[in-house]
Amino acid sequence: MMAMTHGGYVAAVWLGAAALLGGYAVTILRRGRKLSRQVPTEERRWS
Amino acid sequence: MTATTPAGTASGTSATPTSTTSGGGLAGGRPSPGGTPGPAHTGSAATRVLGLLALVAVGVLVLYGLVISPADREMADSVRIMYVHVPAATLLYVGCFITTVASGLWLWKRTPGWDALAESGAEVGLVFSIVTLFSGSLWGRPTWGTYWVWDARLTSTAVLTALLIGYLALRRLDLDPDARSTRAAVLGLLLVPNVIVVNRSVEWWRSIHQDSTLARLDPTIEGDMLVALMVGFLAMALVFTWLLVHRFRVAWLEQQADRVDLDAALLARRAEAADAEPAPGSAATAGFDPPAGSAPTVPTDAAGAGGPSTGADPTDEKGTPT
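Line order of the protein sequences matches chains A and B. Under the working numbering, the first sequence is numbered contiguously, ending at residue 271. Under the working numbering, the second sequence is numbered contiguously, ending at residue 351.
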């Protein structure tokens, strides 16, 4: 791994995918928290 | 299905159920001072277990994909990009498939849950399509010598991504919710046919893109590279499922919040109407101030329409609770 060819491309893909998926996950969780406060508990059937 | 809100003004969709919520203090879609009980988020025990499994699988993927798996004889270390790219592309297809099936079921059943699932599949699918295009172009640079080429596979994938963006943009139009969901569902039906075009494009047209790696009994990779790819599928599938479940719950909450807002708006409108009903000697009759002894000169159609009556005897008005 230390002498990886095209290491920059590999790192960019892995880090970029992690950042995109992680950022999207955080966005969804935030939206869920915000909306959950506006909706009665009985409508949150997973709670 | 016909909605029957108390005022009869709902848009007639099953996405806007009609009962007034009994959740404490939700007027205006805001929490009551005491707040609603229960956890205010989209998580549950199942999603926490799923999230934990996904994190473990991602850790194993990093270990296998970046450390254990050897470099390829031809692609060298850029083969490690495949452990992200191929699973992401597959889950893009899965997201499109979910959206198409859920769109069809929504058009058939008109159940709000299918509409929420269709939207969720499209949005999560779009995220994975971005990962697919991003990783593919970064793989193409060291392998093909270019980030992008208007090849059949790449172009059709870009078209599919544009279709997903259009689908999600359509869902954000300021339309009647029922009409908006119907139009989006019709567009959602086109996703799977497009996926078939993307998937078959390397066979239907001359393509620089390689053929399928696993879609035959003798896969072109083996050993630790095959294991790394399988772990990639597993990890990405767990992440996809976790995202889809949470996104579905967000879509569900959006539907419920819209309903709460609609109920609150109806209540406010009715309260305004009740306040506007003129009472004897109220402001509604003060503006005319007819001369003493003369009959009021009011257009007769105003009284017939149920508007503020300025008849000679305001106590004759109907419909005003006493």
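Using N, Cα and C, we set each Cβ at its ideal position, and we do this for glycine too. Because the structure is a prediction, the values reported are computed rather than measured.
Exposed unless 16 or more other CB atoms sit within 10 angstroms - verdict on residue i
| i | result |
| --- | --- |
| arginine 357(B) | Since the first and last residues shown for chain B are 30 and 351, residue 357(B) lies out of range. |
| proline 264(A) | buried |
| isoleucine 225(B) | exposed |
| glutamine 239(B) | exposed |
| glutamine 248(A) | Here residue 248(A) is tyrosine; the residue named in the question, glutamine, does not match the sequence. The residue in question, tyrosine 248(A), is buried, as its Cβ has 16 or more Cβ neighbours within 10 Å. |
| proline 141(B) | buried |
| glutamate 103(B) | exposed |
| valine 237(A) | buried |
| leucine 81(B) | exposed |
| glycine 64(B) | Here glycine 64(B) scores only 47 on pLDDT, less than 50, and its place in the model is too uncertain to base an answer on. |
| arginine 229(B) | exposed |
| proline 320(B) | Here the model assigns proline 320(B) a pLDDT of 46, short of 50, so the residue's position is not dependable and the matter cannot be decided. |
| isoleucine 194(B) | exposed |
| leucine 202(B) | exposed |
| arginine 269(A) | exposed |
| arginine 276(B) | buried |
| alanine 83(B) | buried |
| threonine 186(B) | buried |
| tryptophan 168(B) | buried |
| threonine 42(B) | Residue confidence for threonine 42(B) is low, a pLDDT of 35 falling below 50, so the modelled location carries little weight and cannot support an answer. |
| glycine 88(B) | exposed |
| alanine 385(B) | Since the displayed chain B opens at 30 and closes at 351, residue 385(B) lies outside it and no answer follows. |
| tyrosine 176(B) | exposed |
| leucine 239(A) | exposed |
| serine 124(B) | The sequence given here places glycine at residue 124(B); serine does not occur at that position. It counts as buried. |
| alanine 241(A) | buried |
| glutamate 266(A) | exposed |
| arginine 235(B) | exposed |
| arginine 278(B) | buried |
| tryptophan 143(B) | buried |
| arginine 200(B) | buried |
Proximal residues of chain A, C-beta to C-beta of residue i below 7 Å
| i | result |
| --- | --- |
| glutamate 283(B) | Leu259 |
| isoleucine 127(B) | Here the premise fails: no neighbours, minimum Cβ distance about 16 Å. |
| isoleucine 110(B) | Tyr233, Val234, Val237 |
| leucine 167(B) | Tyr233, Ala236, Val237 |
| valine 279(B) | Ile252, Arg255, Gly256, Leu259 |
| leucine 92(B) | By Cβ distance, chain A contributes nothing, its closest Cβ being about 11 Å from leucine 92(B), past 7 Å. |
| alanine 286(B) | Leu259, Gln262, Val263 |
| valine 268(B) | Leu245 |
Residue i and residue j closer than 8 Å at C-beta
| i | j | result |
| --- | --- | --- |
| alanine 147(B) | alanine 191(B) | no |
| alanine 280(B) | alanine 145(B) | yes |
| alanine 118(B) | threonine 184(B) | no |
| leucine 189(B) | valine 227(B) | yes |
| glycine 231(A) | aspartate 106(B) | yes |
| alanine 100(B) | valine 108(B) | yes |
| proline 116(B) | tyrosine 233(A) | no |
| glycine 217(B) | alanine 151(B) | yes |
| alanine 352(B) | leucine 120(B) | Outside the displayed span of chain B (30 to 351) sits residue 352(B), for which this structure offers no information. |
| valine 178(B) | isoleucine 237(B) | yes |
| leucine 90(B) | valine 260(B) | yes |
| alanine 69(B) | arginine 255(A) | no |
| serine 98(B) | methionine 254(B) | yes |
| alanine 75(B) | alanine 264(B) | no |
| valine 268(B) | leucine 245(A) | yes |
| leucine 358(B) | threonine 128(B) | Residue coverage of chain B in this structure runs from 30 to 351, which leaves residue 358(B) outside it and unanswerable. |
| leucine 291(B) | leucine 259(A) | no |
| isoleucine 110(B) | serine 164(B) | yes |
Proximal residues of chain B, C-beta to C-beta of residue i below 8 Å
| i | result |
| --- | --- |
| alanine 241(A) | Val113, Ala117, Val160, Phe163, Ser164 |
Chain A contact residues for residue i, given Cβ-Cβ distances below 8 Å
| i | result |
| --- | --- |
| glycine 106(B) | Looking at the sequence itself, residue 106(B) is aspartate, so the reference to glycine does not match. Within 8 Å Cβ-Cβ: Met228, Thr229, His230, Gly231, Val234. |
| arginine 276(B) | Ile252 |
| histidine 70(B) | Leu253, Gly256, Arg257, Ser260 |
| arginine 170(B) | Tyr233 |
| valine 89(B) | Going along chain A, no residue has its Cβ under 8 Å from valine 89(B), so there is no contact; the nearest lies around 14 Å. |
Interface partners of residue i on chain A, CB under 9 Å
| i | result |
| --- | --- |
| alanine 147(B) | The contacting residues do not exist; alanine 147(B) stays about 16 Å from chain A at best. |
| leucine 272(B) | Leu245, Tyr248, Ala249, Ile252 |
| valine 156(B) | Leu244, Leu245, Tyr248 |
| valine 289(B) | Gln262, Val263, Pro264, Glu267 |
Query - Cβ contact check for the region 147-160 of chain B and the region 263-276 of chain B: 3 or more pairs under 8 Å - result: yes
Below 8 Å, can you find three or more Cβ-Cβ pairs linking the region 88-95 of chain B to the region 292-300 of chain B? no
- Task: For the region 182-236 of chain B, list the alpha helix (DSSP H) runs that are entirely contained and at least 4 residues long, ordered along the chain.
- Result: 206-217, 220-233
- Message: List, from N- to C-terminal side, the alpha helix (DSSP H) runs of 4 residues or more that fit wholly inside the region 71-115 of chain B.
- Response: 74-92
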